[in-house]
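Following: one structure in structure tokens, then a few remarks.
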């Protein structure tokens, strides 16, 4: 399965400018003319000294599931603030055709990595606790789930880069052998 980047111009949130501390990161992203290297994305996020205050206008939470808030985007990247309430999680999914790196800004997240067995069933292989500053990176056939497993009232905020933006991905259901291909986005579906 291949993912094609859309042919649209750069776009930013119409209501809010890109935060100053994200300037160097966005400059790099806007220079892309192809898929970004995962190690480069991870390195840029590691260097970025970003706090919730820096991205506060983009910290909007959903009521049904986590909320994806676009900071900036082009045909070759999407920069988002994802906001998670306690108990909210992504589907189990891969990143076929896209590089994804994110940094935990506030709260404590959990990433569960999965391996697909010869039967098609998924087997969890590792769960990682992600504290502020933690960088998570995944691409292509990496299968994972991200969640806020903190106590009620404790939020999670993550800063995500997708290159190119994910328009199609495979989602999985624990205990089933047939994955599904998801197209388009609804808040709370996929990461």
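In this note's numbering, the protein residues as written are 36 to 226. C-beta: ideal position from N, C-alpha, C; glycine also.
CB-CB length for residue i against residue j, believed under 8 Å
i           : j           : result
residue 174 : residue 73  : 5 Å
residue 64  : residue 115 : Contact flag wrong, Cβ pair sits at about 12 Å.
residue 138 : residue 194 : 5 Å
Per-residue burial, residue i [other beta carbons within 10 Å of its own, 16 or more giving buried]
i           : result
residue 104 : buried
residue 129 : buried
residue 200 : buried
residue 82  : exposed
residue 218 : exposed
residue 61  : buried
residue 43  : Any answer about residue 43 is weak, because its pLDDT of 33 lies below 50 and its placement is not dependable; what the coordinates show is given next. With fewer than 16 other Cβ atoms within 10 Å, it is exposed.
residue 41  : The predicted position of residue 41 is uncertain, since its pLDDT is 28 and thus under 50; no value can be drawn from it.
Those residues which DSSP pairs with residue i across a bridge
i           : result
residue 87  : BP columns for residue 87 are empty, so no partner.
residue 204 : 217
residue 236 : Residue coverage of the chain in this structure runs from 36 to 226, which leaves residue 236 outside it and unanswerable.
residue 75  : According to DSSP, residue 75 bridges with nothing at all.
residue 197 : 113 and 135
Beta-carbon proximity of residue i to residue j, cut-off 8 Å
i           : j           : result
residue 77  : residue 136 : yes
residue 142 : residue 189 : yes
residue 118 : residue 180 : no
residue 212 : residue 154 : yes
residue 140 : residue 157 : no
residue 95  : residue 54  : no
residue 196 : residue 112 : yes
residue 150 : residue 160 : yes
Residues near residue i by beta carbon distance below 6 Å, same chain, minus five either side
i           : result
residue 18  : Limits of the chain in this structure are 36 at one end and 226 at the other, which puts residue 18 out of reach.
residue 169 : 139
residue 102 : 95, 96, 118 and 222
residue 172 : 73, 77 and 136
residue 56  : 85 and 89
Proximal residues to residue i (C-beta, below 8 Å), its chain only, five neighbours per side dropped
i           : result
residue 185 : 121, 142, 143 and 191
residue 36  : Note that residue 36 has pLDDT 23, beneath the 50 cutoff, so the model's placement of it is unreliable and the number below is only indicative. 131, 132, 203, 205 and 216.
residue 45  : Confidence is the limiting factor: at residue 45 the pLDDT is only 41, short of 50, which leaves the residue's position unreliable, though a coordinate-based value still follows. Excluding residues within five positions, the ones whose Cβ falls inside 8 Å are 65, 107, 108 and 109.
residue 145 : 162, 163, 164, 165, 181, 182, 183 and 184
residue 225 : Here the model assigns residue 225 a pLDDT of 47, short of 50, so the residue's position is not dependable, and the following value carries that caveat. Taken in chain order, the residues that qualify are 125, 126, 128, 201, 204, 206 and 217.
residue 187 : 121 and 122
Cut-off 7 Å between Cβ atoms - residues of its own chain near residue i, not counting five sequence neighbours on either side
i           : result
residue 79  : 60 and 63
residue 176 : 129 and 131
residue 69  : 111
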